[in-house]
Amino acid sequence: MEVLLFGIAKDIVGESKIDFAKSGDMPRSVAALRDLLNKTYPEFAKLSSLAVAVNSEYALDDVTLRSGDEIAIIPPVSGG
Amino acid sequence: MEVLLFGIAKDIVGESKIDFAKSGDMPRSVAALRDLLNKTYPEFAKLSSLAVAVNSEYALDDVTLRSGDEIAIIPPVSGG
Amino acid sequence: MKKTIIEIVDAIDVSKTYMELSSPKSGGICVFIGTVREFTQGEEVVSLEFETYRKMALQEMEKIAMEAVKKWKLNSVVIRHAIGTKKIEDPVVVVGASAPHRAACFEACRFLIDTLKERVPIWKKEIFKNKTVWVSAHP
Amino acid sequence: MKKTIIEIVDAIDVSKTYMELSSPKSGGICVFIGTVREFTQGEEVVSLEFETYRKMALQEMEKIAMEAVKKWKLNSVVIRHAIGTKKIEDPVVVVGASAPHRAACFEACRFLIDTLKERVPIWKKEIFKNKTVWVSAHP
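Protein chains in written order, with this note's numbering: chain A, 52 to 131; chain B, 52 to 131; chain C, 2 to 140; chain D, 2 to 140.
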């Protein structure tokens, strides 16, 4: 499972994506993904907000993650 | 004293101006001008509103008219 | 120095408005364009004819621009109205404002067109197939 | 048939927006242009860098356009955002709406830019002389 990173999220991790196939401990829900990110990269907890998109739609914490999903971390947006 | 006419006011009078030097009875105030117009051309009384400009500024009824003034009848505006 | 462009013209070139309003001090530019609509209250319009008391109209447009610049701290304002015969889809008026932030330019732009319609001496005649109407003349 | 134009581009040509929104059914067109301002909170900006999650951004922009068309009965909508490096005075976003009457196009245009800023996945980094800042990232 790949997780795409954008904006400050990319800077925090130092990569444009995280591949959970490599690390082995794939999170099963949006909430679990958030917990894992906050634990691994404490800088995430300092952001104004952090959203997760599953298959390019905003996803709430209870959404289940499947291995084929396109998952993205959406730090505070600032277009316009 | 000349009074400029625009829009429907021009259509009502049938001219683009009224020259009071010719007709002799020059009104002394905005109110007097309105009275005269309404008396001479009853169609003016049917308009939504009727403003008068003296020297290209909107003028209230009590404004005095002098022979050198540029006077204009302003029927309801509809720009834009 | 605040820039204001006030004009009454025969034909409006909308595409230049943006460059007239652009400024390094602005973060937002709002432009409104009024165009000739093919139907008015269900009746098909052939064309519109605009006339103006030019000297007074320019003066009133200038006052409106000044009021807006002062109230919303604008960097620039454009108020440009066309006169003469206008066909369906032709632009008849363009107003625009630029400001550091977007709220100011939106509010100012709305004020410019609303106030222009209230008090600038310009008159519009609607030409239909079988009649002509001076807009707003009668209740 | 309602016309909507949704794009993420490298450089915005503002001048074509008006023609994209023009329609015989419209009496009013409102366009908002967001540009790079030289100062942010008193600090001089060198440039801005925009990046996007393109697939999702286009989808969210499309949803916003559809919401606006439905709510305000618009004839057409444009939402166009630039990405990459933008210098002072460059346009970074253009949104516009056309409608039979002006109130609808103003309200819709404001909705388009406000909602874009709330939920479209585009990120802006401010480049100053001595630092860079991801806008809105921290409280």
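For every residue, glycine included, the Cβ atom is placed at its ideal position computed from N, Cα and C.
In this text, all values refer to a predicted model and were calculated from it rather than measured experimentally.
Problem set entry | With 16 other Cβ atoms within 10 Å as the buried cut-off, status of R38/D | Walking along the fourth sequence from the start, residue 38/D turns up at place 37. Classification of R38/D: buried, given that the 10 Å Cβ count is 16 or more.
Exercise. Is it right to say F129/C is buried, meaning 16 or more other beta carbons lie within 10 angstroms of its own, or is it exposed?
Worked result: Reading the third sequence from its first residue, position 128 is the one you call residue 129/C. Exposed, by the Cβ-count rule.
Exercise. Hey, quick one: how far does the alpha helix (DSSP H) through D86/B stretch, first residue to last?
Worked result: Locating residue 86/B in the second sequence gives position 35, where the first residue counts as 1. Per DSSP, D86/B belongs to the alpha helix (DSSP H) from V81 to T91.
Problem set entry | chain B contact residues for I123/C, given Cβ-Cβ distances below 8 Å | Here the question's residue 123/C lines up with position 122 in the third sequence. In chain order: V128, S129, G130 and G131.
Exercise. Is any beta-carbon of chain A found at less than 8 Å from that of A105/D?
Worked result: The residue you call residue 105/D lines up with position 104 of the fourth sequence. Output row for A105/D: interface = no.
For this session: Taking only the alpha-carbon atoms, compute the straight-line gap between T86/C and Y109/B and give it to the nearest angstrom.
Result: Reading the third sequence from its first residue, position 85 is the one you call residue 86/C. Reading the second sequence from its first residue, position 58 is the one you call residue 109/B. Cα to Cα, T86/C sits roughly 27 Å from Y109/B.
Problem set entry | Sequence-distant residues of the same chain with beta carbon closer than 7 Å to F95/B, five excluded per side | One-based indexing of the second sequence puts residue 95/B at position 44. Cβ neighbours of F95/B beyond the five flanking positions: I63, L88, N89 and L101.
Problem set entry | For L49/D: DSSP bridge partner residues | Reading the fourth sequence from its first residue, position 48 is the one you call residue 49/D. Paired residue(s): K87/D and E127/D.
Exercise. Do E61/C and R120/C come within 8 Å of each other at the CB atom, strictly closer than that value?
Worked result: Working through the third sequence from its first residue, we reach residue 120/C at position 119. Working through the third sequence from its first residue, we reach residue 61/C at position 60. Yes, the pair counts as a contact, with Cβ atoms nearer than the cut-off.
For this session: Report all residues from its chain with a CB closer than 6 Å to the CB of I69/A; omit the five preceding and five following residues, and keep chain order.
Result: In the first sequence, residue 69/A corresponds to position 18, counting from 1. So the qualifying residues of the chain are V54.
For this session: Could you say if the stretch 98-111 of chain C and the stretch 61-75 of chain C meet the contact criterion of at least three C-beta pairs nearer than 8 Å?
Result: yes
Exercise. Cβ of A109/C less than 8 Å from any chain B Cβ?
Worked result: Working through the third sequence from its first residue, we reach residue 109/C at position 108. By this cut-off, A109/C is not an interface position.
For this session: Whole angstroms is fine: what's the gap from E63/D's alpha carbon to G29/D's?
Result: In the fourth sequence, counting from the first residue as 1, residue 63/D sits at position 62. In the fourth sequence, counting from the first residue as 1, residue 29/D sits at position 28. Taking the straight line from one Cα to the other gives about 22 Å.
For this session: Could you check the C-alpha separation between S107/A and M57/D for me, to the nearest Å?
Result: The residue given as residue 107/A occupies position 56 in the first sequence. The residue given as residue 57/D occupies position 56 in the fourth sequence. When rounded, the distance between both Cα atoms is 5 Å.
For this session: Quick one: measure Cβ to Cβ for I123/C and T18/C, integer angstroms, because I've assumed they're closer than 8 Å.
Result: For the purposes of this step, residue 123/C is taken as residue 122 along the third sequence, with counting starting at 1. For the purposes of this step, residue 18/C is taken as residue 17 along the third sequence, with counting starting at 1. At roughly 19 Å, the Cβ-Cβ gap does not stay under 8 Å, so I123/C and T18/C are not in contact.
Exercise. Buried or exposed: where does A12/C fall if 16 or more other Cβ atoms within 10 Å of its Cβ makes it buried?
Worked result: The residue given as residue 12/C occupies position 11 in the third sequence. Under this definition A12/C is an exposed residue.
Exercise. What residues from the stretch 29-53 of chain D come within 7 Å of chain C, judged by C-beta to C-beta, listed N to C?
Worked result: G29, I30, C31, V32, F33, I34, G35, T36, R38 and E39
For this session: Return no unless some Cβ of chain D is closer than 8 Å to the Cβ of P25/C.
Result: Reading the third sequence from its first residue, position 24 is the one you call residue 25/C. Yes, contact with chain D.
For this session: Locate the beta strand (DSSP E) running through I114/C, then write down its first and last residues.
Result: As a position in the third sequence, residue 114/C is number 113, starting the count at 1. From DSSP, I114/C is part of no beta strand (DSSP E) but of the alpha helix (DSSP H) over R103 to R120.
For this session: Return no unless some Cβ of chain B is closer than 8 Å to the Cβ of R140/C.
Result: As a position in the third sequence, residue 140/C is number 139, starting the count at 1. The sequence as given places Pro at residue 140/C; Arg does not occur at that position. Taking Cβ atoms only, chain B reaches closer than 8 Å to P140/C, which makes this a yes.
Problem set entry | Presumed contact (8 Å Cβ cut-off) between E21/C and V79/C, rounded CB distance | On the third sequence, position 20 is the one that residue 21/C refers to. On the third sequence, position 78 is the one that residue 79/C refers to. So it is a contact: roughly 5 Å between Cβ atoms.
Exercise. Chain F beta carbons: is any one of them nearer than 8 Å to that of E90/D?
Worked result: Chain labels in this structure do not include chain F; the protein chains are A, B, C and D.
For this session: Count the other C-beta atoms from every protein chain shown that fall within 10 angstroms of the C-beta of G43/D, then say buried if there are 16 or more, exposed otherwise.
Result: In the fourth sequence, counting from the first residue as 1, residue 43/D sits at position 42. G43/D is exposed by the Cβ-count criterion.
Problem set entry | Helix, strand or coil at A12/C according to DSSP, with G and I counted as helix | In the third sequence, residue 12/C corresponds to position 11, counting from 1. Here A12/C sits in coil by DSSP.
Exercise. What in chain A is Cβ-close to L117/D, meaning under 7 Å?
Worked result: Sequence index remark: in the fourth sequence, residue 117/D carries index 116 (1-based). What L117/D touches in chain A: G130 and G131.
Problem set entry | Cβ separation of A123/A and A104/A, assumed to be a contact under 8 Å, to the nearest whole Å | Residue mapping note: residue 123/A aligns to position 72 of the first sequence, counting from 1. Residue mapping note: residue 104/A aligns to position 53 of the first sequence, counting from 1. Confirmed, Cβ separation roughly 4 Å.
Problem set entry | The alpha helix (DSSP H) enclosing V64/A, as first and last residue numbers | Numbered from its first residue, the first sequence carries residue 64/A at position 13. Element bounds for V64/A: G58 to V64.
Exercise. Under three-state DSSP, which class holds R81/D?
Worked result: One-based indexing of the fourth sequence puts residue 81/D at position 80. Strand, per DSSP.
Exercise. With C-beta atoms as the reference, is G130/B less than 8 Å away from V94/C?
Worked result: On the second sequence, position 79 is the one that residue 130/B refers to. On the third sequence, position 93 is the one that residue 94/C refers to. Yes, the pair counts as a contact, with Cβ atoms nearer than the cut-off.
Exercise. So, is A100/C buried or exposed, given that buried needs 16 or more other C-beta atoms within 10 angstroms?
Worked result: Residue numbering aside, residue 100/C sits at position 99 when the third sequence is read from its first letter. Buried, by the Cβ-count rule.
For this session: Would you please state the rounded distance, in angstroms, between the beta carbons of K125/C and L49/C? I believe it to be under 8 Å.
Result: Reading the third sequence from its first residue, position 124 is the one you call residue 125/C. Reading the third sequence from its first residue, position 48 is the one you call residue 49/C. Yes, they are in contact, since the Cβ atoms of K125/C and L49/C sit about 6 Å apart, within 8 Å.
Problem set entry | For E61/C, the three-state DSSP class (helix, strand or coil) | Locating residue 61/C in the third sequence gives position 60, counting from the first residue. In the structure shown, E61/C sits in a helix (DSSP, three-state: H, G or I).
Exercise. To the nearest angstrom, how far is it from the Cα of T116/C to the Cα of E8/D?
Worked result: Walking along the third sequence from the start, residue 116/C turns up at place 115. Walking along the fourth sequence from the start, residue 8/D turns up at place 7. Going from the Cα of T116/C to the Cα of E8/D covers about 34 Å.
For this session: Per DSSP, which residues does D70/A bridge with? Please list them.
Result: Counted from its first residue, the first sequence places residue 70/A at position 19. D70/A is bridged to E53/A.
For this session: Can you give me the Cβ contacts of V47/C inside the same chain, cut-off strictly under 7 Å, excluding the 5 residues immediately before and after it?
Result: Here residue 47/C is taken as the residue at index 46 of the third sequence, counted from 1. Contacts found: I128, F129 and K130.
Exercise. Just to confirm, are P126/A and L98/A a CB contact at a threshold of 8 Å?
Worked result: Counted from its first residue, the first sequence places residue 126/A at position 75. Counted from its first residue, the first sequence places residue 98/A at position 47. A contact, by the Cβ cut-off of 8 Å.
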